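Only one structure is covered here, and it is reproduced in the block below.
Residue numbers (our numbering), protein chains in the order written: chain A, 111 to 161; chain B, 137 to 289.
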């Protein structure tokens, strides 16, 4: 049986990545759910979403 | 009547001392003025810098509220670029919270609910991107992250 999927848009991934980055800049533990969504985007060496 | 020599010397000395004191006073005033000018210029620069950031943040906020997804992404990127700017991190984070509230609806809520119930994220290893120029295709497998992993947080 296949695992459930969540569907997120590119905007949502970028937003989650930005929020995770902001939390880290504030030295807070990022929301794991945001980390999960942020991890959906593949990034290149500069940290940008590969397009 | 001849002026005694000592009087002449005294007058000359007093005149010189007065001139010196006036010169020192002038130099002090000039230095103070210069310092004030520098301080004013610094304040103006700081003010311009602040105005610049305010304009950028307002622009980013407007883009984030646009109905167009590309605009929203541009807004998020603008905000992201300012995250590490001293003094702006918390403000940018708060704005991102507002945007996330609107844009990350059910997905985020479901993940959070499951995480709060079980202490781990749900076993979802595929996150499917949708949109016009996605970088991730359906079926791409995303490594599930342990939320307690220090690398994840």
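Just so you know, even glycine gets a beta-carbon here, dropped at the ideal spot from N, CA and C.
Since the model is a prediction, treat every value here as computed from it, not as a measurement.
Neighbours of residue 216 (chain B) in chain A, taken as residues at a C-beta separation under 7 Å, are given in chain order as 128 and 131.
With contacts defined by Cβ atoms closer than 8 Å, residue 124 (chain A) and residue 256 (chain B) do not form a contacting pair.
Using a CB distance cut-off of 8 Å, residue 254 (chain B) does not count as an interface residue toward chain A. The CB of residue 193 (chain B) never comes closer than 8 Å to any CB in chain A; the least such distance is about 13 Å. For chain A, the residues of the stretch 185 to 213 of chain B that bring a beta carbon within less than 8 Å of one of its beta carbons are 205, 208, 209, 212 and 213, in chain order.
Residue 142 (chain A) places its beta carbon less than 8 Å from that of residue 251 (chain B). If you ignore the 5 residues before and after residue 118 (chain A), its C-beta comes within less than 7 Å of the C-beta of 147 and 150, all in its own chain and listed in chain order. Bounds of the alpha helix (DSSP H) holding residue 181 (chain B) are 141 to 200. Counting the other CB atoms within 10 Å of its CB gives residue 238 (chain B) a total below 16, which places it among the exposed residues. For the C-beta of residue 234 (chain B), not a single chain A residue is nearer than 8 Å; the gap to the nearest is close to 11 Å. With respect to the C-alpha of residue 214 (chain B), the residue from A:128, A:134 and A:137 having the closest C-alpha is A:128. DSSP, reduced to helix, strand and coil, places residue 147 (chain A) within a helical segment of the structure shown.
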